[in-house]
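Scroll down for the structure; my scribbles are underneath it.
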């Protein structure tokens with residue numbers, strides 16, 4: 038039988054809270070190490086001060102010894118011992134044979150003497166034990182063989198050290214407590230924002246494509262993530278709407294030619310055998326099939342451009358040569374319609390891009406211009422070098438496009454009422470927009486008065 042499990046609250050399972058605890062643990066260990074260093078440094082400093090005090094007092098007693106002899110030194114020691122009401126000082130003066138002559142210590146300590154004559158011993162083992170602490174003392178051998186021991190109690194030093202340690206300990210405990218509380222509050226605040234983002238994501242998964250993550254205005258990482266997510270959802274929503282529109286347009290625009298195909302085939306099957314009529318029907322059917330294939334090829338080209346799959350085929354190319362090739366391709370058609378088709382291109386320019394897609398996009402623009410420009414009209418292709426950019430433009434003297442429709446005609450299968458009678462599938466400008474977007478170019482449709490001017494502006498990398 039498996040033991041019952043008790044799941045932790047969401048806050049305790051949160052990565053943010055666990056990270057806060059980890060940082061708090063690292064900080065606590067570091068703080069303890071720092072406090073230990075401070076405590077040790079304080080102890081060393083206090084003992085150094087005691088040593089300095091003992092050194093100074095020994096120097097003074099040595100002066101008395103030189104001036105007044107051993108008797109004068111004994112008197113000074115007795116006077117100082119009697120005046121030390123707090124019993125912090127330790128004195129012992131003895132003869133060369135160890136007989137006590139003066140001081141408040143009644144026997145010599147048995148602890149070993151360190152380098153420089155310093156020694157440490159507990160006072161409880163000697164005399165009345167009234168000091169009740171360790172003594173730090175120094176032993177001096179006078180020139181005549183007398184021994185002098187001067188020391189100081191470490192009780193005060195330890196009391197100060199203990200007070201410092203308590204203060205540091207309380208400070209550490211308070212810091213840890215504040216760290217836990219701060220980590221809890223911060224984690225809860227962040228978890229609330231994460232939960233808000235998760236709820237928004239779940240609404241989107243449920244079909245609410247219009248939901249967006251809220252920005253707190255703090256401009257922090259969460260706001261950056263939310264802004265990026267919202268931008269992504271805007272693009273996804275646009276693409277989904279575009280797919281929905283394309284699907285509707287395909288169903289609408291392809292239904293008619295498919296019905297015509299079926300009707301022609303039905304008529305051919307029901308009619309009396311006639312080779313000429315059958316051939317004519319097959320030719321019309323073939324032309325209709327070619328139009329359908331052209332539509333699907335255009336859709337495929339747009340899909341490739343929008344997916345970015347052709348980025349690997351980018352290469353340096355001469356935009357002037359590209360424009361000349363397109364103009365050369367459409368010159369016969371323009372001449373048949375009595376239209377003046379010209380090309381004006383700056384030489385020495387270089388553009389990184391997909392030549393096939395750029396050629397197809399520019400050909401679509403020239404094809405539209407020649408198609409909708411009346412006889413005796415003008416169509417011009419220009420390539421100009423700008424400041425950190427290259428502009429490729431196609432201008433015509435045709436009917437143009439109303440300003441309010443300039444944005445709509447870039448969508449797939451959109452054809453204006455005045456162009457319904459002209460052959461086409463409404464995908465030419467959609468392909469141009471997709472190719473321009475793939476190359477990071479700006480696409481603008483302007484009034485040419487009369488006619489239309491379409492500009493593709495390609496930014497150049499900094500020199």
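Numbering (our numbering), first residue to last: 38 to 500. Glycine included, C-beta positions come from ideal geometry on N, C-alpha and C. Here the structure is a predicted model, which is why all the values come from computation and not from measurement.
For residue 493, the enclosing beta strand (DSSP E) stretches over residues 489-496. DSSP places residue 184 within a strand segment (E or B) once states are collapsed to three. In this structure, 117 is the residue among 117, 157 and 132 with its C-alpha nearest to the C-alpha of residue 141.
For the 8 Å CB-CB criterion, residue 79 and residue 198 form a contact. Residue 262 is bridged by DSSP to nothing; it lacks a bridge partner. Beta-bridge pairing by DSSP links residue 233 to no other residue. Contact between the stretch 431-446 and the stretch 474-489 is present: 3 or more CB-CB pairs across the two stretches fall below 8 Å. Just so you know, the alpha carbons of residue 221 and residue 245 end up roughly 33 Å apart. Of the candidates 297, 350, 353 and 303, 297 places its Cα closest to the Cα of residue 329. Proximity to residue 465 across 62, 398 and 488 peaks at 398, based on C-alpha coordinates. Remark: C-beta atoms of residue 406 and residue 381 do not approach each other more closely than 8 Å.
Proximity to residue 496 across 487, 477, 62 and 489 peaks at 477, based on C-alpha coordinates. Residues 298 of the same chain have their beta carbon placed closer than 8 Å to that of residue 326, with the five preceding and five following residues left out of the count.
Rounded to whole angstroms, the gap between the alpha carbons of residue 300 and residue 349 is 45 Å. With a threshold of 16 other beta carbon atoms within 10 Å, residue 57 meets it and is buried. One Cα belongs to residue 306, the other to residue 319, and the distance between them is close to 12 Å. In the three-state DSSP reduction, residue 485 falls in the coil class, being neither helix nor strand. With contacts defined by Cβ atoms closer than 8 Å, residue 185 and residue 171 do not form a contacting pair. Counted as a single uninterrupted DSSP element, the beta strand (DSSP E) harbouring residue 429 occupies residues 426-433.
Residue burial annotation: residue 60 is exposed, with fewer than 16 other C-beta atoms found within 10 angstroms of its C-beta.
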